[in-house]
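Participant: Before anything else, here's the structure in question.
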Amino acid sequence: MKVSRFQNNIDIHNKNTLEPNFKGNPVIGLATYLDERVMLGKAVLDIAAFEAPQIIMANNNDERRERFNKSLFGFSLGYLSPLVTLPLTNRLAMKHIAKLTKNFVAKDSNLIQLSNKYLVNKEETKKGVELLSQKLKMDYKPLLDKVGGDYEVLRKKLINAKNSVLAFDLLFTSASIGCVGFFNNWQTKRKTKQDGFSAEFSMADKDTVEKRAESFKKKEPLRKAMWLGILAGLTASPLLLKKGLTSQQSTKFNNYIKKIAHRFDYTDGIFMSRLILFLGTLGVQSGIILASRNNTELKDTTTRSTVSTIAFFGGDILIGSVLGRLSDKYLKTDLMKKDIEKSFINKLIPPMKRLRNLSPRDKKIGAALYWINLAMLSACTGFGVPYLINKMIKHDVNKDVQDQKINNTVNFQTTATKPVRMEDFIKTNKLVD
């Protein structure tokens, strides 16, 4: 059977695929575990390739503190809170949105884990419920009795519950982490009494830094309104998924939504797909970019955000694909997927197999390539990009400083050579009343 590269990683038939296996070599076990869990993999990538190196490469303590705040917000709210909030919102949605469970702690709430690919019609829903019952060893007959055994009613209730969780998660993640830019601005202003870009504090005097931020300060309310608009759009986006899944009309849009619906799954109710992470990242990065205090910081945040997004949502896949193909050719491994749909992206960047599906020898090589991939991204995006950005910041500041010196010289020369009337001279020097 041909499968998409984005198909849900966890096989619903195999309950053991969720369990980590660190027996033998723990380095291989950790790589295999992270390879299955996109969100945790992104956390490791962020630490090693973006956050830690960029904190080290900061120009001064104020900028370093701001970058540390960004990391703290990101990891505490982006990676740790979902371990609590997602199971919580899953249960709330099953009780108050779907109205299928009465007891908040009931294990029946796990029915929300049913993949969207089983919610395209009632026949698939029936099949999915049976498979999930076998996987989790649970009887969902009481929930079916509440809808009179009608799988169509159950399907729509689950769609409402899952999309409510998705909408909340997109809003919470984007808003809570994305506000770090505005929070940093407030904290730095309170601490230093300056509105300018913190990276410039060690490069120019206070007046120059403040002057460079004047125009952006006036437009801050507009930038905040733009970010709120983006958050509203992200929060409402699950309505499109709901429309495509519930509509009975066979339109191109509805058929496309049904085809990609599984990309919005939360694996095991907690870990998510790259597509959901991408939408959340869009909200987060837009908040950080729009909080910029001058044109230079705007270029800084846009560049860093773009590079980190490309690196995670394409860079690691591209490097992994290249390394995997080289390994298959020269080391005679079997790392690349052969049985996959012939889409444009799959032809351009053939995907690798999951590490857990490889032979013992290939798994060792695949795990080594996983860590090499991470090291390459860290070197390029963690140290290379900040190095170039710091040079850009210094260039912008020095240019403004030089322009200011030139303007001051011109003004002085103009004032010095301008003819002075006798009346003005006398008044200026107070020679007469």
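By the count of my numbering, the sequence shown reaches residue 434 at its end, each step adding exactly one.
From the three backbone atoms N, C-alpha and C, an ideal C-beta is built for every residue, glycine too.
Since we're looking at a predicted model, the values are computed, not measured.
#1: If F265 sits next to L167, beta carbons under 8 Å apart, how far is it from one beta carbon to the other, in whole angstroms?
#2: Are S116 and N91 close, meaning C-beta to C-beta below 7 Å?
#3: When you compare only the Cα positions, how much space is there between Y257 and I341?
#4: From this set, F198, S248 and T174, which residue's C-alpha is nearest L78's C-alpha?
#5: Are the beta-carbon atoms of M353 and G316 separated by less than 7 Å?
#6: For S287 and W372, which I take to be in contact (beta-carbon distance under 8 Å), what is that distance rounded to the nearest angstrom?
#7: Using the DSSP secondary-structure output, state which residues sit across from M353 in a beta bridge.
#8: Between K158 and A107, is the Cβ-Cβ spacing less than 7 Å?
#9: Please tell me whether G383 and P54 are closer than 7 Å, where the distance is taken between their beta carbons.
#10: Which residue marks the beginning of the alpha helix (DSSP H) containing Y141, and which one marks its end?
#11: Pairing CB atoms from the region 128-139 with CB atoms from the region 188-202, are three or more of them under 8 Å?
#12: Flag this pair as yes or no: are the beta carbons of K243 and I160 separated by less than 7 Å?
#13: I believe I178 touches V85 by the beta-carbon criterion, under 8 Å. Please report the beta-carbon distance rounded to the nearest angstrom.
#14: Going by C-alpha distance, which of A380, G182 and T189 is nearest T303?
#15: Does the region 288-297 touch the region 210-229, meaning 3 or more C-beta pairs lie closer than 8 Å?
#16: I think L112 touches L133, with their Cβ atoms under 8 Å apart; what is that distance to the nearest whole Å?
#17: I want to know whether the region 140-150 touches the region 233-247 - three or more CB-CB distances under 8 Å.
#18: Exposed or buried, which one is L432 when buried takes at least 16 other CB atoms within 10 Å?
#19: May I ask you to verify whether the region 56-64 touches the region 384-400, counting CB pairs closer than 8 Å and requiring at least 3?
#20: For I289, which residues in the same chain have their Cβ closer than 8 Å to its Cβ, ignoring the five residues on either side in sequence?
#21: Counting only beta-carbon separations shorter than 7 Å, does P361 have a partner in chain D?
#22: Looking at F51 and S274, is the spacing between their C-beta atoms short of 7 Å?
#23: What are the boundary residues of the alpha helix (DSSP H) that includes L324?
#24: Distance, Cα to Cα, L155 vs N164?
#25: Could you check if T304 belongs to the surroundings of the ligand ADP, using beta carbon to heavy atom distance under 6 Å?
#26: Alpha carbon to alpha carbon, what distance is there between L278 and T236?
#27: Do E67 and N185 have their C-beta atoms closer together than 7 Å?
#28: Check this for me: beta carbons of L280 and L171, under 7 Å apart or not?
#29: Excluding the 5 residues flanking K43 on each side, which residues of the same chain have their C-beta closer than 7 Å to its C-beta?
#30: Please report the distance separating the alpha-carbon of L349 from that of P361.
#31: Going by C-alpha distance, which of P83, A162, D146 and D404 is nearest M95?
#32: Once you ignore the five residues that flank F413 on each side, which residues in its own chain have a CB closer than 7 Å to its CB?
#33: Restricting to Cα atoms, I'd like to know which of F169, D363, T189 and D36 is closest to L240.
#34: Using a Cβ-Cβ cut-off of 7 Å (strictly less than) and excluding sequence neighbours within five positions of K128, which residues of its own chain qualify?
#35: Have a look at T252, K192, K253 and A176 and flag the residue whose alpha-carbon is nearest the alpha-carbon of K225.
Facilitator: Judging by the given coordinates:
#1: 6 Å
#2: no
#3: 19 Å
#4: T174
#5: no
#6: With a Cβ gap of about 32 Å, S287 and W372 do not count as contacting.
#7: M337
#8: Taking 7 Å as the Cβ cut-off, K158 and A107 do not qualify as a contacting pair.
#9: yes
#10: Here Y141 belongs to no alpha helix (DSSP H), and DSSP marks it neither H nor E.
#11: no
#12: Contact flag set, yes.
#13: Actually they do not touch by this definition, with Cβ atoms about 16 Å apart.
#14: G182
#15: yes
#16: 7 Å
#17: no
#18: At L432 the pLDDT is 49, less than 50, meaning the model places this residue with poor confidence; the figure from the coordinates comes in the next sentence. So L432 ends up on the exposed side.
#19: The way I'd put it, the region 56-64 does touch the region 384-400; three or more beta-carbon pairs between them come closer than 8 Å.
#20: K71, G179, V181, G182, T302 and S306
#21: Any reference to chain D falls outside this structure, which holds one protein chain only.
#22: no
#23: Counting along the chain, the unbroken alpha helix (DSSP H) around L324 starts and ends at D317 to Y331.
#24: Note on geometry: alpha-carbon atoms of L155 and N164 lie some 14 Å from one another.
#25: What this structure holds is no ligand at all, so the ligand ADP is not there to describe.
#26: 14 Å
#27: Yes, these two residues count as a Cβ contact at 7 Å.
#28: Yes, these two residues count as a Cβ contact at 7 Å.
#29: L278 and F313
#30: 28 Å
#31: A162
#32: In this prediction, F413 has a pLDDT of 47, which is less than 50 and means its spatial position is unreliable; nothing more can be read from the coordinates.
#33: Answer by Cα proximity: F169.
#34: So the qualifying residues of the chain are Y119.
#35: A176
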